[in-house]
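The structure under discussion appears below in the form of structure tokens.
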Amino acid sequence: MRYHQSGNIPQKRHTIFKSPEDKFYYEQLFGTEGFHGISSLLYHIHRPTQIKSIGEAKDVTPKIAVDKNVTPRMFKGMNVTPEDDFLDSRKFLMVNNDLKMGLSKPRKSMDYFYKNAECDELLFVHQGSGTLKTFVGNLEFFVGDYLIIPRGTIYQVELTSDDTVLFVLESHSPIYTPKRYRNEFGQLLEHSPFCERDIIAPTFVEPKDEKGEFLIKVKKENQITDFIYATHPFDVVGWDGYFYPYKFNIKNFEPITGRVHQPPPVHQNFEGHNFVVCSFCARMYDYHPLAIPAPYNHSNIDSDEVLFYTEGDFMSRNHIDLMDFTLHPGGIVHGPHPGAMERSIGKKFTEEYAVMVDPFRPLKITEEALKVEDPSYKTSWLEDEDKTLEDRSQE
Numbered sequence: 001m002r003y004h005q006s007g008n009i010p011q012k013r014h015t016i017f018k019s020p021e022d023k024f025y026y027e028q029l030f031g032t033e034g035f036h037g038i039s040s041l042l043y044h045i046h047r048p049t050q051i052k053s054i055g056e057a058k059d060v061t062p063k064i065a066v067d068k069n070v071t072p073r074m075f076k077g078m079n080v081t082p083e084d085d086f087l088d089s090r091k092f093l094m095v096n097n098d099l100k101m102g103l104s105k106p107r108k109s110m111d112y113f114y115k116n117a118e119c120d121e122l123l124f125v126h127q128g129s130g131t132l133k134t135f136v137g138n139l140e141f142f143v144g145d146y147l148i149i150p151r152g153t154i155y156q157v158e159l160t161s162d163d164t165v166l167f168v169l170e171s172h173s174p175i176y177t178p179k180r181y182r183n184e185f186g187q188l189l190e191h192s193p194f195c196e197r198d199i200i201a202p203t204f205v206e207p208k209d210e211k212g213e214f215l216i217k218v219k220k221e222n223q224i225t226d227f228i229y230a231t232h233p234f235d236v237v238g239w240d241g242y243f244y245p246y247k248f249n250i251k252n253f254e255p256i257t258g259r260v261h262q263p264p265p266v267h268q269n270f271e272g273h274n275f276v277v278c279s280f281c282a283r284m285y286d287y288h289p290l291a292i293p294a295p296y297n298h299s300n301i302d303s304d305e306v307l308f309y310t311e312g313d314f315m316s317r318n319h320i321d322l323m324d325f326t327l328h329p330g331g332i333v334h335g336p337h338p339g340a341m342e343r344s345i346g347k348k349f350t351e352e353y354a355v356m357v358d359p360f361r362p363l364k365i366t367e368e369a370l371k372v373e374d375p376s377y378k379t380s381w382l383e384d385e386d387k388t389l390e391d392r393s394q395e
């Protein structure tokens with residue numbers, strides 16, 4: 001992240017700051033990891049602590065169906081059920097102690113505010129558009145955008161259509177850009193596949209000076225609790241710092257290519273504790289005269305591998321649809337489907353786009369995932385089968 005400033009702030013932090021009407025503004029430190037991690041200072045018209053009431057907690061713990069998984073799996077995102085409510089629409093398919101991930105198909109904008117008080121959020125926009133409204137400004141989003149929302153951010157989502165599809169990842173650790181692409185001052189290096197110009201900070205909007213009853217749903221320890229506050233949470237007159245939501249579009253990722261096949265780390269976009277997120281993008285294939293563009297077989301001994309397919313045709317897989325998830329558990333060898341390696345030889349480029357997550361601790365499979373699983377996927381590498389995946393799935 002880089003330093004950003006919006007609105008009006010005092011010349012010196014932790015000092016008196018008043019409105020033109022000689023009323024105090026109220027400073028808030030917004031950050032993680034105690035007083036050690038990155039942070040921002042926000043200045044509110046009203047005290048941001050005015051709770052009027054707290055409702056009952058609603059448990060939203062994902063229900064685990066498979067606690068210990070060694071089976072390659074495919075989940076058909078197309079079959080995930082849409083919901084009107086933004087939070088109800090989150091269907092987590094795979095979880096561990098570091099993260100949760102799945103798909104969300106909200107049909108309506110939020111008429112309340114939301115704060116995830118335990119996880120950073122990554123929302124990837126597969127379909128749809130809208131505006132992420134936060135207490136530090138707004139971000140318009142479109143297809144291909146990653147929205148990185150730090151824990152503690154109070155936000156609303158306004159949708160422009162009822163067919164939005166979001167890949168959702170919640171992380172119990174902060175989500176950062178890869179450390180190996182940054183120098184000791186935090187600047188992205190020249191060989192990084194993206195730069196600071198690709199990272200879009202929120203646009204500042206005029207603060208809301210309103211009193212009343214404002215519902216903020218707060219998530220903590222897999223429970224969502226309704227808080228009623230006495231003032232509008234978007235009353236920030238200015239802020240500065242390093243800690244804020246931002247967006248990055250997958251098509252601004254500049255792929256690193258080589259004479260022979262490059263391994264997944266060259267596609268890395270983000271990282272958290274015990275996981276990485278990669279962006280597979282349209283790119284030139286390997287250019288050694290004997291190169292095999294298809295990935296080689298590998299077993300990922302120390303990590304599971306999840307791919308979410310979002311655009312284009314996928315050279316290494318047969319019978320993959322957009323919105324599908326594939327899961328290859330650590331220690332189980334996987335690779336291209338039969339015929340994919342041979343088809344790839346001589347190809348010059350690909351137009352595929354996918355989001356890959358590699359968790360370094362095993363994933364558990366939820367009941368929601370089993371509702372949309374294609375059980376035939378695990379045997380789809382058998383060369384002597386002449387039936388399609390669709391035929392086998394109906395048996």
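Here full-length UniProt numbering is used: position 48 in the sequence shown is 48, and no number is missing along the way. For each residue, glycine too, the CB sits at the ideal point set by N, CA and C.
Practice task
Tell me, please, whether the stretch 204 to 221 touches the stretch 235 to 248 by the rule of three or more beta-carbon pairs shorter than 8 Å.
Solution key: yes
Handout entry: Pair within 8 Å by beta-carbon distance, R317 and A340
Key = yes
Problem - Coarse secondary structure for K371, derived from DSSP in three states - result: helix
Exercise for the section: On a CA-only basis, which of F253, A291 and N69 is nearest G331? Give me that one, please. Expected result: N69
Practice task
Could you check if D313 is buried or exposed, using at least 16 other CB atoms within 10 Å of its CB as the buried criterion?
Solution key: exposed
Exercise for the section: Round the Cβ separation of G152 and A117 to the nearest angstrom and send it over; I've been treating them as touching at under 8 Å. Expected result: 6 Å
Handout entry: For D226, three-class secondary structure by DSSP
Key = strand
Practice task
Report yes if the CB atom of I199 is closer than 8 Å to the CB atom of F135, and no otherwise.
Solution key: no
Handout entry: Whole runs of the beta strand (DSSP E) within the stretch 240 to 279, excluding any shorter than 3 residues
Key = 246 to 249 and 268 to 272
Handout entry: Classification of K387 by the beta-carbon crowding that lies within 10 angstroms, buried from 16 upward
Key = The pLDDT assigned to K387 is 47, lower than 50, so where the model puts this residue is not dependable; a value taken from the coordinates is nonetheless given after this. Answer is exposed; the Cβ neighbour count stays below 16.
Exercise for the section: Would you tell me roughly how many angstroms separate the C-alpha atoms of Q28 and I16, rounded to the nearest one? Expected result: 13 Å
Practice task
Could you tell me the distance, in whole angstroms, from the CA atom of E352 to the CA atom of Y112?
Solution key: 37 Å
Problem - Meets three-Cβ-pair contact criterion under 8 Å: the stretch 74 to 92 and the stretch 181 to 190 - result: no
Problem - Cα-Cα separation between V165 and P20, rounded to whole angstroms - result: 44 Å
Handout entry: Contained beta strand (DSSP E) runs [length at least 3] in the stretch 22 to 63, N- to C-terminal order
Key = 26 to 31, 39 to 44 and 51 to 59
Practice task
Look up residue 398 in the DSSP assignment and say whether it is helix, strand or coil.
Solution key: Shown here, the chain extends from 1 to 395; a query on residue 398 therefore has no answer.
Practice task
Identify, in the order they occur along the chain, each residue of the same chain with its Cβ nearer than 7 Å to the Cβ of P295, setting aside the five sequence neighbours on each side.
Solution key: H261, S316, G335 and P336
Exercise for the section: Let me know if E390 comes out buried or exposed under the rule of 16 or more other beta-carbons within 10 Å of its beta-carbon. Expected result: With a pLDDT of only 46 at E390, under 50, the local geometry of the prediction cannot be trusted, and no value is derived from it.
Exercise for the section: Could you name the residues that DSSP lists as bridge partners for G130? Expected result: F141 and L159
Practice task
Determine the burial state of D162: buried for a count of at least 16 other Cβ atoms within 10 Å of its Cβ, exposed for fewer.
Solution key: exposed
Practice task
Assign S53 to one of two classes, buried (16 or more other C-beta atoms within 10 Å of its C-beta) or exposed (fewer than that).
Solution key: exposed
Handout entry: D114 versus V218, I51, P48 and D22, residue with shortest Cα-Cα distance
Key = The displayed chain sequence assigns Tyr, not Asp, to residue 114. Among V218, I51, P48 and D22, the Cα nearest to that of Y114 is on V218.
Handout entry: K251 to F124 span [Cα, whole Å]
Key = 12 Å
Problem - Residue from K23, G37 and G77 with nearest C-alpha to R47 - result: K23
Practice task
Spatial neighbours of P62 within its chain, please: CB distance less than 6 Å, with the 5 preceding and 5 following residues excluded, ordered by chain position.
Solution key: F92, V95 and T366
Practice task
Look up N116 in the DSSP assignment and give the residues it is bridged to.
Solution key: K219
Exercise for the section: Drop a sphere of 10 angstroms on the beta-carbon of R259, count the other beta-carbons inside from all chains shown, and report buried for 16 or more, exposed for fewer. Expected result: exposed
Handout entry: Reference N97, options K364, S376 and R343, closest by Cα
Key = K364
Problem - Own chain partners of H232 with C-beta closer than 6 Å, once the 5 adjacent residues on each side are dropped - result: K208, E210 and F214
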